[in-house]
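Residues 0 to 306 (numbering that gives the first Met the number 0) make up the sequence shown, in order.
From the three backbone atoms N, C-alpha and C, an ideal C-beta is built for every residue, glycine too.
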Amino acid sequence: MENDLYKNRSISGCIKAGYLLFCSNVMTILRKNWLSLLVFSVMGGAYLAFGLTNAMHTMGNSLPTGKLVTFGLLNVLLLCASVWYMARTTTLLNENGFACNLKRIAKLQLAYVVFMGIVSLLLTAATLSISDGQKPAPAAVGTAGMGLQAWLYPVAWLIILIAMAPFAYSSMRYIQEKEAKFKTHVLGGYRTGLRRIGFIVSTFFLYGIVIFFLTLILLMPVYILFMASTLSQMGVQSGDPNTLPTYFPVLTYGTCILIYFICAAFLTVGIYVNYYVYGSIEARRQAQSNRKAIQTEAAEASNKDEH
């Protein structure tokens, strides 16, 4: 796809460039990525609808083991489908080939899942230790402990997400460059991304706000379906007949698949925004190197003139 990657762009400039790249290549994306897009939409819709349907019917009770296994399997399938779709999307941005991009994105996603799993376990252990430590304490101290628990998760995740922001640059660098290695480009590139963390966080914060409000609007049909099913289930538990039509499950799954199809556009634009963030940082690094080279040459010329 035609693009001007290595250019110093502002925060809004990266978002605008990502959006325009998507809009100008919608048909190319659909033509070359239709199968991975279809699988991603179906898996995502099934995952959302299955969770929504069972949340309706359990009414706060825990899911049976069989449904938990199904839910976990759908989660894994959705992850695999997203890796496939992202590999297809990035293949349109570089010349590394689909197999190379698939391998690199799979490594990045696996590292992300492992890291998030470890962090979740550590936060859960910290919360449980705080809870256990407050059991014999007076009521006032216990209340303070509950307040600490309530703040621990959001504050900790906010710090973790900000700390992970430089990986947005290093991961895209790993995907784009031909001879890239995970250790040198992803882990080694973290330091470069850390120097530009304000630019990276600000860009994705602004993009996240836009996507948040768009997603709220997009999920309105799901809210309506959820409320309709919840009210019907409450009536059934009270002895009233089920008033939902027989096609309601098909409607729920179809709606969720359509929503995930639209969410794929948000994901694609997000990839393109990250692509231009990477290009902007590389352009700034190159400009900085050129300035240093000019300053060095000027200093050497000045020394020669003095002698």
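Residue span of the alpha helix (DSSP H) that contains residue i, given as start and end
i	result
Pro220	219-236
Gly71	64-90
Ala164	Here Ala164 belongs to no alpha helix (DSSP H), and DSSP marks it neither H nor E.
Cβ separation of residue i and residue j, assumed to be a contact under 8 angstroms, to the nearest whole Å
i	j	result
Gly192	Tyr168	4 angstroms
Ser317	Ile14	With the chain covering only 0 through 306, there is no way to say anything about residue 317.
Tyr84	Phe39	4 angstroms
Val221	Ile261	Wrong, their Cβ atoms sit about 12 angstroms apart, outside the cutoff.
Leu101	Ala86	4 angstroms
Tyr152	Phe166	Not quite, the Cβ-Cβ distance comes to about 21 angstroms (not below 8 angstroms), so this is no contact.
His184	Arg172	5 angstroms
Arg8	Ser279	4 angstroms
Residue i - DSSP class collapsed to helix/strand/coil
i	result
Gly192	helix
Arg8	coil
Asn273	helix
Tyr246	coil
Pro240	coil
Lys177	coil
Ser128	helix
Gly43	helix
Gly197	helix
Val118	helix
Ala139	In this predicted model, Ala139 has a pLDDT of only 48, less than 50, meaning its place in the structure is not dependable enough to derive any value.
Trp33	helix
Gly207	helix
Glu281	helix
Asn93	coil
Ser288	helix
Asn100	helix
Ser23	coil
Leu253	The identity of residue 253 in the sequence shown is Gly, whereas the question assumes Leu. Gly253: helix per DSSP, three-state reduction.
Gly187	coil
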